[in-house]
Each structure stands twice: as C-alpha cells, then as structure tokens.
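Below is one structure, written out as structure tokens, with a few remarks after it.
In my numbering, the protein residues as written are 460 to 605.
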C-alpha cells in the first residue's frame, strides 16, 4: 500500500512540475515585449504619447487661431464704427453734392485724322470709339509727349 501511495505521490509531483513549466512558458510569452501583452502595452504607450503631442499641437494652433480671430473681429468692429461715423457725417451735411468737374485730362483726345461718323445707331458709334481708344498711335498726338 505504501508503494502505491508513493507511486501516486510521485505521479502527482511530476504532473505539478509539468503544469508549472507550462504556466511559466505561457507567462513568459505573455510578457514578451514583441508579441505578447507587453508588446501591446508598449505599443499603446507609444500611441498615447503621440496623441498627447498631437493634442498639444492642436491646442496651441487653436489658441493662436482664436487670438487671430479676436484681432480680426476687433478690426471689423473698428471698421464698422468708422463706417457708421462716415454715414452719420454724410447725412449731417446740408450742402448739396456738386457735379464732378471734368478736366482736360479726362477728355479723350483723338488724332487729327481720326473721324467719328455720326450715325443713328449709337452702338456702332460706340464700337468705333472703342476701336480708336484701343488702338495704339504710332506717333504721339500734337502737344503730347511720350
């Protein structure tokens, strides 16, 4: 009987040793930094660091854009107040608006040999004037310097 008990105890010890060895191998694979849980944890850690850096960059950019928007809104408010002031001052003037004076520089000067034929059709005359204006003279007009 003691021989049977010793054999059973020995087989139980061998089974426990094999079980411990298998658990040790599995635990070693689980902690492996390339393939196991350790690798997943290290990958997630790197990704978290990258996300923090990206969030910091986005936060800085957003604050810069917010400051720029505040400056632009302030400029817009100043321009709006200035336009309101100009409109108010325009409505307050009692003087009639004078007609613009035409100076000799504003008048179209044609060469002496250019003739415009007066026609009933105003469109044809305006086309003829446009062609004369668009044409570059070969020589300056009298009294005109280049």
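The beta carbon of each residue, even a glycine, is placed where N, CA and C say it ideally should be.
So, using beta-carbon positions, are residue i and residue j closer together than 7 Å?
i: residue 489; j: residue 482; result: no
Would residue i be called buried (16 or more neighbouring beta carbons within 10 Å of its own) or exposed?
i: residue 463; result: exposed
i: residue 545; result: exposed
Problem set entry | alpha helix (DSSP H) segments (min. 4 residues) lying fully within the stretch 460 to 520 | Taking only runs of at least 4 residues, the alpha helix (DSSP H) segments lying wholly in the stretch 460 to 520 are 461 to 489.
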